[in-house]
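In my numbering, the protein residues as written are 4 to 212.
This is how it looks when you write it as structure tokens:
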């Protein structure tokens with residue numbers, strides 16, 4: 004994101020910052036101030052806005068007003084805006100698909116508690132694998148570690164298995180439901196999925212940290 008903001012919004016050669024470096028300083032300060040004010044307003048009224056969207060829009064506004072429309076890399080802007088639509092769409096499709104597997108394998112069965120304990124470890128493996136894979140492929144290069152895709156996949160699988168085994172150990176400590184009645188079954192199923200939520204929450208914190 005920082006690389007895109009630095010070099011993929013304004014065409015530096017067209018902008019002429021070499022001759023007018025103060026324009027870049029004033030423009031970026033104005034962009035930061037504009038984005039900051041907007042985020043304060045959005046936070047006050049509880050609006051679901053993005054810091055990235057705000058700063059990109061502010062820089063585009065600075066370039067359009069302070070330099071010219073031609074200095075803006077519209078092709079890159081189009082790709083960025085498209086990603087704002089495509090990413091949530093893909094995430095929604097994946098989320099829907101995962102929920103349907105839970106519905107089919109756990110919630111709609113005769114014994115949802117037993118099936119939850121059976122299949123939730125695989126979801127825990129998936130969480131561990133994905134977060135490890137993203138870290139191996141995208142994160143390690145920033146600290147000077149270059150590993151192949153195959154090595155990344157192998158280590159991510161190993162991390163996923165370790166995560167799954169930890170999850171299995173935690174799941175074994177959840178007691179059986181007191182009766183076979185369905186509402187008791189689903190109450191215990193919530194306890195099983197609470198273990199999965201612990202791993203997903205840790206992954207979210209790591210991804211944002």
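All residues carry an ideal CB built from backbone N, CA and C; glycine is no exception.
Residue 80 - DSSP class collapsed to helix/strand/coil: helix
Between the CA atoms of residue 82 and residue 128 - distance to the nearest angstrom: 33 Å
Inter-residue CB distance, residue 162 and residue 135 (contact presumed, cutoff 8 Å): 4 Å
Same chain, Cβ closer than 6 Å to residue 188, five either side skipped, listed in chain order: 115, 116 and 180, listed in sequence order.
Does the distance from the CB of residue 13 to the CB of residue 62 come in under 8 Å? yes
Rounding to the nearest angstrom, what Cα-Cα distance links residue 65 and residue 34 in this structure? 7 Å
Using the DSSP secondary-structure output, state which residues sit across from residue 62 in a beta bridge. Answer by DSSP bridge pairing: none, since residue 62 is not bridged.
Go to residue 25, then tell me how far its alpha helix (DSSP H) extends in each direction, as first and last residue. 24-48
Using 8 Å as the Cβ pair cut-off and three pairs as the minimum, do the region 89-104 and the region 40-56 touch? The answer is no - the region 40-56 does not touch the region 89-104, with fewer than three Cβ pairs under 8 Å.
Starting from residue 20, follow the alpha helix (DSSP H) in both directions and report where the run begins and ends. Element bounds for residue 20: n/a, residue is neither H nor E.
Could you have a look at residue 177 and say whether DSSP puts it in helix, strand or coil? coil
Taking the alpha carbon of residue 194 as the point to measure from, which residue in 10, 176 and 75 has its own alpha carbon closest? 176
Going by DSSP, which residues form a beta bridge with residue 70? BP columns for residue 70 are empty, so no partner.
Is the beta carbon of residue 97 less than 8 Å from the beta carbon of residue 132? no
Please state the DSSP three-state secondary structure of residue 8. helix
Could you tell me which residues DSSP pairs with residue 75 in its beta bridges? In the DSSP output, where bridge partners are listed per residue, residue 75 has 13.
Determine the burial state of residue 150: buried for a count of at least 16 other Cβ atoms within 10 Å of its Cβ, exposed for fewer. exposed
So what does DSSP say about residue 95, is it helix, strand or coil? helix
Within the same chain, show all residues whose beta-carbon is closer than 6 Å to that of residue 79, passing over the 5 residues directly before and after it, in chain order. Taken in chain order, the residues that qualify are 11.
So residue 69 packs on residue 32, CB below 8 Å; how close in whole Å? No, residue 69 and residue 32 are not in contact; Cβ-Cβ is about 11 Å, not under 8 Å.
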